[in-house]
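Residue 703 in this note's numbering sits at position 31 of the sequence shown; the count goes up by one each step and never skips.
All residues carry an ideal CB built from backbone N, CA and C; glycine is no exception.
From a predicted model like this one, the values you see are computed outputs, not experimental measurements.
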Amino acid sequence: MYNTILVAIDGSVISEKAFSDAIEQAIAWKADLHAVYVVESGLFSDIPVDSKLEIMYSLLEQEGNTALEKIKEIAQKKNVTVTTHFEQGHAGDTILSTAEKINADLIVMGSHGKSNIDRILIGSVSSFVVEHSKVSVLVVRS
Numbered sequence: 673m674y675n676t677i678l679v680a681i682d683g684s685v686i687s688e689k690a691f692s693d694a695i696e697q698a699i700a701w702k703a704d705l706h707a708v709y710v711v712e713s714g715l716f717s718d719i720p721v722d723s724k725l726e727i728m729y730s731l732l733e734q735e736g737n738t739a740l741e742k743i744k745e746i747a748q749k750k751n752v753t754v755t756t757h758f759e760q761g762h763a764g765d766t767i768l769s770t771a772e773k774i775n776a777d778l779i780v781m782g783s784h785g786k787s788n789i790d791r792i793l794i795g796s797v798s799s800f801v802v803e804h805s806k807v808s809v810l811v812v813r814s
């Protein structure tokens, strides 16, 4: 039985499918549903801060907020309440720390991110979460 479900969102089609599966799980278990969008800070850690970087981060922040608003609308249509979290950090670590913070007992996420470039640059977030999570992880394939 699951009481609190966390779903990782990145704006990709596969994360929307993962969110849809998370809604089904939340309804079935009468669980609280949370969604997290993480801006991967590892991409910026060694880059000096300048106006271009600030613009890039602003675009990523806007993309995250748009993705979270979209899933709120989807949840509302299904009469499900979702609590959203916008975070910055290493995606895998941040998903795990958010799950711990909200006492999630299930993490739902897509099998891959928006592009293969993401995997090359930051590695497989889903593999990291599966390997390091203390709770069950449902990995949704496309």
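key: CA-to-CA distance, V809 to H762, given in whole angstroms   = 18 angstroms
query = What is the rounded straight-line gap between the Cα of S796 and the Cα of T753?
reply = 29 angstroms
ask   = Quick one: Cα of A700 to Cα of E745, how far?
value = 20 angstroms
key: D765 - DSSP class collapsed to helix/strand/coil   = helix
task = With distances taken Cα to Cα, identify the nearest neighbour of K742 among V812, I779, V708, T766.
result = V708
ask   = Are Q697 and I677 touching if we call contact CB-CB under 7 angstroms?
value = yes
message = Suppose the cutoff is 8 angstroms on Cβ atoms and the five residues either side in sequence are ignored; what does the same chain contact list for K750 look like?
response = I695, I699
task = Please confirm whether Y729 and A703 have their CB atoms less than 7 angstroms apart.
result = no
ask   = Which same chain residues, not among the five before or five after L732, have their C-beta less than 7 angstroms away from its C-beta?
value = V711
query = Measuring CA to CA, which of S783, T766, S692, E688 is closest to A739?
reply = E688
ask   = With DSSP run on the structure shown, which of helix, strand or coil describes H804?
value = helix
task = Report all residues from its chain with a CB closer than 6 angstroms to the CB of F758; omit the five preceding and five following residues, and keep chain order.
result = Y709, G736
query = In angstroms, rounded to a whole number, what distance separates the CA positions of F691 and A680?
reply = 8 angstroms
For M781, three-class secondary structure by DSSP = strand
inquiry  = Rounding to the nearest angstrom, what Cα-Cα distance links S814 and I686 in this structure?
reply    = 6 angstroms
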